[in-house]
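In this note's numbering, the protein residues as written are 68 to 330. Don't be surprised by glycine CBs; every beta carbon is placed ideally from N, CA and C.
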Ligand SMILES: [Zn+2]
């Protein structure tokens, strides 16, 4: 639900090179690296299908290397882990927010296409989503149902417009978030529902409401709607610039800069 840079696309070759140079037991890396050209082809297909990953089929290796691939992820060599950490934290998630909810700090990685079904993407950068443990637990190994993806892909899904809007009542200490009608695809609805995003955003925003009510009580000039809206516009522009239009704070201030307060 945030802006993630679309470019550059980091080559998979570098990850395989690091695996090769890692000194990890050849009993694990040997069978994986023996399938190197097939793995690189799998990643090419991933990128070709990146905007409709629901069409991607798991690859059937002639020799089963599923457990070795999973072991390369779970016991990941240090050099490869450093590369993933660097790309994820310095390039793809500079704001250090979970890429599924954009509330908490990421403290885990989710396999967008589950490792149990697609072990060929076990340590592929773009199949790994830095996320918070709450989102990781809620998503689990789920990703598709009836041909429809259940979660937004933060790297590759594009949106024509913002996804959320909100209603804010300072009088009732109440914030309500909604998915906008034009953004409500099956995948967006499922993502929002399964991760419980609306109620999580509402909990987060309750502290913004409390802060504003306090500000209004100590600074009478803010009660003037024109002054208030102008302050909300500043907050909105700042939040939009840093976090984008789908961040819960941006959506919150957008309502107040337009509608004013109801105290
Ligand atoms: Zn999260």
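Given residue i as reference, the closest of the options once Cα atoms are compared
i: residue 330; options: 317, 282, 151 and 95; result: 282
i: residue 233; options: 306, 322 and 291; result: 322
i: residue 305; options: 327, 317 and 154; result: 317
i: residue 149; options: 200, 207, 85 and 91; result: 85
i: residue 225; options: 324, 313 and 303; result: 313
i: residue 154; options: 77, 257 and 240; result: 77
i: residue 123; options: 136, 184, 82 and 162; result: 184
i: residue 136; options: 106, 242 and 115; result: 106
i: residue 231; options: 91, 315 and 131; result: 315
Proximity below 8 angstroms, CB of residue i to CB of residue j
i: residue 118; j: residue 223; result: yes
i: residue 129; j: residue 89; result: no
i: residue 173; j: residue 198; result: yes
i: residue 301; j: residue 327; result: no
i: residue 254; j: residue 216; result: yes
i: residue 133; j: residue 98; result: no
i: residue 218; j: residue 272; result: no
Heavy atom of ligand 1 within 7 angstroms of residue i beta-carbon
i: residue 156; result: no
i: residue 182; result: no
i: residue 167; result: yes
i: residue 171; result: yes
i: residue 201; result: yes
i: residue 198; result: yes
Rounded distance between the beta-carbons of residue j and residue i, thought under 8 angstroms
i: residue 168; j: residue 267; result: 6 angstroms
i: residue 113; j: residue 209; result: Not really, about 19 angstroms apart at Cβ, beyond 8 angstroms.
i: residue 179; j: residue 194; result: 5 angstroms
i: residue 242; j: residue 269; result: 5 angstroms
Test: residue i CB closer than 8 angstroms to a CB of chain C
i: residue 190; result: Protein chain content of the structure displayed is limited to a single chain, and chain C is not contained in it.
Quiz prompt | Inside the stretch 152 to 232 only - beta strand (DSSP E) runs reaching at least 3 residues | solution = If only uninterrupted beta strand (DSSP E) runs of at least 3 residues are considered, those enclosed by the stretch 152 to 232 are 175 to 178 and 195 to 198.
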